[in-house]
Amino acid sequence: MTLVTIGYKLTASAGFSDTETIYTVPSAQRFRLKRVVVTAPTGVDGQLSIVLQRGEFIILPREGSIYPGPWVLEFYLDEEFSSGSEVKVTYHNEDTTNPHDCFIYLEGELE
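Just so we're on the same page, our numbering is the position in the sequence shown counted from 1, plus 1.
Here it is as structure tokens:
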């Protein structure tokens, strides 16, 4: 077992929604996601929403969306991803004028 941290910078264009892959589990390995940390610079002001997924299945949050801001949001979970599966983020930038960034850190165990 190896402890890993994966960092990801999401840049959401003005008024844009999409899904991006944060991490793909390497062949012949499993990834157990234990902790997610999310933060964003000042100015996002609740205009960017995100959800984390295993394929098409939403794993975080259980309901609604996460709205990052200039604070640290920590989530503890125990989600297993099999070889070749993907951790994805779906986002929506409600601000039609400005792009917004957020930073997502995945911590877990790679076996």
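Beta carbons are placed, not taken as given, at the ideal position from N, Cα and C, and that holds for glycine. On a predicted model such as this, the values are computed, not experimentally measured, just so you know.
CB-CB length for residue i against residue j, believed under 8 Å
| i | j | result |
| --- | --- | --- |
| isoleucine 51 | tyrosine 92 | 5 Å |
| isoleucine 7 | leucine 107 | 4 Å |
| serine 85 | glycine 70 | Looking at the sequence provided, one finds glycine at residue 85 rather than serine. With 8 Å as the limit, glycine 85 and glycine 70 do not qualify as a contact, their Cβ atoms being about 34 Å apart. |
| leucine 34 | phenylalanine 104 | Leucine 34 to phenylalanine 104, Cβ: 16 Å. No contact. |
| leucine 53 | asparagine 94 | In fact, because the Cβ distance is near 17 Å, the residues do not count as touching under 8 Å. |
For residue i, the first and last residue of its enclosing beta strand (DSSP E)
| i | result |
| --- | --- |
| tyrosine 24 | 18-25 |
| asparagine 94 | 87-94 |
| aspartate 79 | 74-82 |
| threonine 12 | 3-13 |
| glutamine 54 | 49-55 |
| arginine 33 | 32-40 |
| aspartate 102 | 101-111 |
| isoleucine 60 | 58-61 |
Beta-carbon proximity check, residue i vs residue j, cutoff 8 Å
| i | j | result |
| --- | --- | --- |
| leucine 111 | threonine 3 | yes |
| valine 88 | arginine 55 | yes |
| threonine 43 | tryptophan 72 | no |
| valine 26 | phenylalanine 32 | yes |
- Message: Quick test of the definition: if touching needs 3 or more C-beta pairs under 8 Å, does the stretch 5-24 touch the stretch 84-100?
- Response: Cβ pair count under 8 Å is three or more, so yes.
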